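Visitor:
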Amino acid sequence: MEKKLFDEPMTVINLGLPGFFDSVKGQGAPCIHVDWKLPAGGDVRLLEILDRLHEMEEAEQNA
Amino acid sequence: MIREANEEAVRRLKDSSPRLVDIRKAGDVLRDFDRMTILHAGPPITYERMCASMQQAVHAVIRYEGLADSWEEAAALAASGKIRFAPCHSRGCVGPMTGVTSYSMPLLVVRNETYGNEAYSTINEGAGDVIRFGACTENTIKRLKWIETVLAPALKKVIDRMGGIDLSAIMSQALSMGDELHMRNIASSHVFLHRICAVLSEVCEGEVLSEILHFLTSKNDQFFLNFAMAANKSAADAADGIPHSTIVSAMARNGVEIGIRISGLPGQWFTAPAPLVDGLYFPGHSVADANPDIGDSAIMETGGFGAMAMAAAPAIVRLLGIPDTGKAYAFTEEMRRITDGEHTSYTIPGQNFAGCPVGIDIMKVVETGIVPGLNTAIMSREPGVGMVGAGLSRVPFECFAKALIAYDEALQREKAAG
Numbered sequence: 125m126e127k128k129l130f131d132e133p134m135t136v137i138n139l140g141l142p143g144f145f146d147s148v149k150g151q152g153a154p155c156i157h158v159d160w161k162l163p164a165g166g167d168v169r170l171l172e173i174l175d176r177l178h179e180m181e182e183a184e185q186n187a
Numbered sequence: 083m084i085r086e087a088n089e090e091a092v093r094r095l096k097d098s099s100p101r102l103v104d105i106r107k108a109g110d111v112l113r114d115f116d117r118m119t120i121l122h123a124g125p126p127i128t129y130e131r132m133c134a135s136m137q138q139a140v141h142a143v144i145r146y147e148g149l150a151d152s153w154e155e156a157a158a159l160a161a162s163g164k165i166r167f168a169p170c171h172s173r174g175c176v177g178p179m180t181g182v183t184s185y186s187m188p189l190l191v192v193r194n195e196t197y198g199n200e201a202y203s204t205i206n207e208g209a210g211d212v213i214r215f216g217a218c219t220e221n222t223i224k225r226l227k228w229i230e231t232v233l234a235p236a237l238k239k240v241i242d243r244m245g246g247i248d249l250s251a252i253m254s255q256a257l258s259m260g261d262e263l264h265m266r267n268i269a270s271s272h273v274f275l276h277r278i279c280a281v282l283s284e285v286c287e288g289e290v291l292s293e294i295l296h297f298l299t300s301k302n303d304q305f306f307l308n309f310a311m312a313a314n315k316s317a318a319d320a321a322d323g324i325p326h327s328t329i330v331s332a333m334a335r336n337g338v339e340i341g342i343r344i345s346g347l348p349g350q351w352f353t354a355p356a357p358l359v360d361g362l363y364f365p366g367h368s369v370a371d372a373n374p375d376i377g378d379s380a381i382m383e384t385g386g387f388g389a390m391a392m393a394a395a396p397a398i399v400r401l402l403g404i405p406d407t408g409k410a411y412a413f414t415e416e417m418r419r420i421t422d423g424e425h426t427s428y429t430i431p432g433q434n435f436a437g438c439p440v441g442i443d444i445m446k447v448v449e450t451g452i453v454p455g456l457n458t459a460i461m462s463r464e465p466g467v468g469m470v471g472a473g474l475s476r477v478p479f480e481c482f483a484k485a486l487i488a489y490d491e492a493l494q495r496e497k498a499a500g
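Residue numbers (my numbering), protein chains in the order written: chain A, 125 to 187; chain B, 83 to 500.
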């Protein structure tokens, strides 16, 4: 017996990789693509630096 | 702290007022420079690591300077360790493609009237056997001598008689005529020629005038590029050395590596391998013929022109491999996401006179992953062949990541020192 995963029609929001958007769209499902990338390419060291610099700036603004 | 520093750096990039004030011999104006010093494009590189075209350009100027009587002697001297090599940028100078600059060459002297500093560039050699593409023939030397003894003295007289030439006015006008001033300079070159033509006819005549006019009007649409580069160098140097600023103050390639500098860490280069250029290759050529990206002309994008102003130059976009003007407009919009300001004097009519995006911020580049584009000629990896295509190069993310890490380390050291 076929079991449906979703009871309602699906609307998809795709973040990041456009290949998933193309795939969903190709199957006729409503889908919007959000062009999003991991900040700093996901590099933890760079993210930590950016966070620190942004926090420093905010602290100065609020002082 | 960072915000104020960046506001100051961007203000200097925007407020700079470049004026062509003179033409002088490199040996007379460059600091720490002598006949045994040769400048090159891009970040520092040894002779051994230079690409073949840059090495050949070095051989050509060694002959031009009279330091060797044959090509073999020139190559031996270049490799001997007796010649000191340094980036053009280290001497307030910029040069297109190989950028090779030597003692006797006449340089355009551009004064930043707002901040008082000067910047320099060689005079564009036009087409044919030229050192910027690594040509190393007797014709190369003959052309350099002609520029030194005929063209430069005439242009110097013109500049003197005109009391200098406002380059910002020409650049601003050229943007409204479809130049982005890196890969398209036909409007700026025409406007420049239009301004000097009457005075040129007063300071020289006959065969000399004819030779100069033929040179300026034959296969020399990029003649103004060197003026624009020196103009942008004068702005970028004024914006350099502001403590804590994360604004890019130079981008340049030597054909092996590409490097950037930032205002808050003056004099330091952050490098990555120079990329091959994605673009349109002339018939009979492919990426296999291309040298990795080369030249100091990325100073144009540093100052908010070239790829940053892609939307201003619809006529050039297909040559660069961009399919339509919509994508060119989108590209300039994308560049706005990684810059801190917009020019007020340099605007893009097709974008309702929005200012060209200026002031590349390494924090924004690292955060977004969007890297600056560079409009560029593609040089053959075979010396002297010249241009084999044109395209859009992207500055590797690695340069900005390294700069941010170095910036953070400097900040930590400063805090630790109290």
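Just so it is clear, CB atoms sit at the ideal spot from N, CA and C, and this is done for glycine as well. Quick caveat: nothing in here was measured; it's all calculated off a predicted structure.
Is it true that the region 379-393 of chain B meets the region 425-442 of chain B, where meeting means three or more beta-carbon pairs spaced less than 8 Å apart?
Guide: Touching, yes, given that three or more Cβ pairs across the two stretches are closer than 8 Å.
Visitor: Quick one: what does DSSP say Arg-193 (chain B) is sitting in, helix, strand or coil?
Guide: In the structure shown, Arg-193 (chain B) sits in a strand (DSSP, three-state: E or B).
Visitor: Identify the contact partners of Met-83 (chain B) in chain A, using a Cβ-Cβ distance below 9 Å as the criterion.
Guide: Simply Met-180, Glu-181 and Glu-184.
Visitor: Between Met-417 (chain B) and chain A, is there a C-beta pair that is closer than 8 Å?
Guide: With 8 Å as the cut-off, Met-417 (chain B) does not count as an interface residue toward chain A.
Visitor: How far does the beta strand (DSSP E) with Gly-455 (chain B) in it extend, from its first residue to its last?
Guide: Here the beta strand (DSSP E) through Gly-455 (chain B) covers 455-461.
Visitor: Step through the CB atoms of chain B and report whether any lies within less than 8 Å of the CB of Leu-139 (chain A).
Guide: It does not; no Cβ of chain B falls within 8 Å.
Visitor: Closer than 8 Å, CB to CB, is Ala-187 (chain A) near chain B or not?
Guide: False, the Cβ-Cβ gap to chain B never drops below 8 Å.
Visitor: Could you list which residues in chain B have their beta carbon closer than 9 Å to that of Gly-143 (chain A), in chain order?
Guide: Within chain B, no residue comes near Gly-143 (chain A); the closest Cβ sits about 18 Å away, beyond 9 Å.
Visitor: Do Asp-319 (chain B) and Gly-174 (chain B) have their C-beta atoms within less than 8 Å of each other?
Guide: For Asp-319 (chain B) and Gly-174 (chain B), yes; Cβs fall inside 8 Å.
Visitor: Under a Cβ-count criterion, where at least 16 other Cβ atoms within 10 Å of its own Cβ denotes burial, should Lys-301 (chain B) be classed as buried or exposed?
Guide: Result: exposed.
Visitor: Is there contact between the region 178-187 of chain B and the region 151-167 of chain B, where contact requires at least three CB pairs shorter than 8 Å?
Guide: Output reads no: the region 151-167 of chain B does not touch the region 178-187 of chain B.
Visitor: Is the CB-CB distance between Met-134 (chain A) and Ala-153 (chain A) below 8 Å?
Guide: Going by C-beta atoms, Met-134 (chain A) is nearer than 8 Å to Ala-153 (chain A).
Visitor: Is the shortest distance between the beta-carbon of Asp-167 (chain A) and the beta-carbons of chain B less than 8 Å?
Guide: Yes, contact with chain B.
Visitor: Can you list, in chain order, the residues of its chain with a C-beta nearer than 7 Å to that of Thr-407 (chain B)? Leave out the 5 residues immediately preceding and following it.
Guide: These residues qualify, in order along the chain: Pro-396 and Val-399.
Visitor: In or out: Pro-405 (chain B) buried (at least 16 other Cβ within 10 Å) or exposed?
Guide: Exposed.
Visitor: Which residues in the same chain as Ala-332 (chain B) place their Cβ atom closer than 7 Å to its Cβ, once the five residues preceding and following it in sequence are excluded?
Guide: Cβ within range, chain order: His-171, Ala-318, Ile-342, Arg-343, Ile-381 and Thr-384.
Visitor: Taking only three categories from DSSP, how would you classify Gly-163 (chain B)?
Guide: Coil at Gly-163 (chain B), not helix or strand.
Visitor: Near Tyr-411 (chain B), what residues of its chain come up, given a Cβ to Cβ distance below 6 Å and the 5 sequence neighbours on each side ignored?
Guide: If we look at Tyr-411 (chain B) and ignore the five residues flanking it on each side, its Cβ neighbours are Ala-393.
Visitor: Would you report the Cα separation of Asp-375 (chain B) and Pro-100 (chain B), rounded to the nearest angstrom?
Guide: Roughly 27 Å separates the two Cα atoms.
Visitor: Report the option in A:Gln-185, A:Leu-174, A:Glu-182 and A:Ala-187 whose CA atom is closest to the CA atom of Thr-450 (chain B).
Guide: The shortest C-alpha separation from Thr-450 (chain B) is found at A:Leu-174.
Visitor: Please report the straight-line C-alpha distance between Ala-502 (chain B) and Cys-155 (chain A), rounded to a whole angstrom.
Guide: Nothing can be reported for residue 502 (chain B): it is not among the residues displayed for chain B, which extend from 83 to 500.
Visitor: May I have the straight-line CA-CA distance separating Ala-350 (chain B) from Ser-203 (chain B), to the nearest angstrom?
Guide: It should be pointed out that residue 350 (chain B) corresponds to Gln in this sequence rather than to Ala. Whole-angstrom Cα-Cα distance: 21 Å.
Visitor: Assuming contact is defined by CB atoms lying nearer than 8 Å, are Ile-241 (chain B) and Leu-102 (chain B) in contact in what I supplied?
Guide: The answer is yes: Cβ separation under 8 Å.
Visitor: Tell me, which residues are paired with Lys-174 (chain B) by DSSP?
Guide: The sequence given here places Gly at residue 174 (chain B); Lys does not occur at that position. None, per the DSSP bridge assignment.
Visitor: How many whole angstroms separate the CB atoms of Ser-135 (chain B) and Met-461 (chain B), which I take to be in contact at a CB cut-off of 8 Å?
Guide: Correct: roughly 6 Å between the Cβ atoms.
Visitor: Beta-carbon of Ile-487 (chain B) versus every beta-carbon of chain A: anything under 8 Å?
Guide: Yes, Ile-487 (chain B) lies at the interface with chain A (some Cβ there is under 8 Å from its Cβ).
Visitor: By the DSSP assignment, the beta strand (DSSP E) with Glu-353 (chain B) in it spans what residues?
Guide: The question names Glu, but residue 353 (chain B) in the sequence shown is Thr. Start and end: 352-355.
Visitor: Would you call the CB atoms of Asn-308 (chain B) and Gly-337 (chain B) closer than 8 Å?
Guide: Going by C-beta atoms, Asn-308 (chain B) is not nearer than 8 Å to Gly-337 (chain B).
Visitor: Closer than 6 Å by C-beta to Ile-268 (chain B): which residues in its own chain qualify, once you throw out the five before and the five after it? Chain order, please.
Guide: Around Ile-268 (chain B): Asp-303.
Visitor: Just tell me which of B:Leu-263, B:Ala-256 and B:Arg-266 has its CA closest to the CA of Arg-277 (chain B).
Guide: Checking every option, the nearest Cα to that of Arg-277 (chain B) belongs to B:Ala-256.
Visitor: Taking the beta strand (DSSP E) that Arg-101 (chain B) belongs to, which residues open and close that run?
Guide: 100-107 is the span of the beta strand (DSSP E), which, as asked, contains Arg-101 (chain B).
Visitor: Could one say the Cβ of Phe-479 (chain B) lies closer than 8 Å to chain A's Cβ atoms, at least one of them?
Guide: Closer than 8 Å: yes.
Visitor: Tell me which residues share the same chain as Gly-388 (chain B) and place their Cβ nearer than 6 Å to its Cβ, disregarding the 5 neighbours each side in the sequence.
Guide: Closer than 6 Å at the Cβ level, and outside the excluded window around Gly-388 (chain B), lie Glu-262, His-264, Met-382 and Asn-457.
Visitor: Throw me the rounded Cβ distance for the Ile-105 (chain B) and Val-191 (chain B) pair, which I believe falls under 8 Å.
Guide: Their Cβ separation, rounded to whole angstroms, is 6 Å, which keeps Ile-105 (chain B) and Val-191 (chain B) in contact under 8 Å.
Visitor: Measure from the alpha carbon of Leu-474 (chain B) to the alpha carbon of each residue in B:Glu-480, B:Phe-413, B:Gly-124 and B:Ile-487, then state which is nearest.
Guide: That would be B:Phe-413, whose Cα lies nearest to the Cα of Leu-474 (chain B).
Visitor: Using a C-beta to C-beta distance shorter than 8 Å, which residues of chain A count as neighbours of Asp-490 (chain B)?
Guide: Simply Ile-173, Arg-176 and Leu-177.
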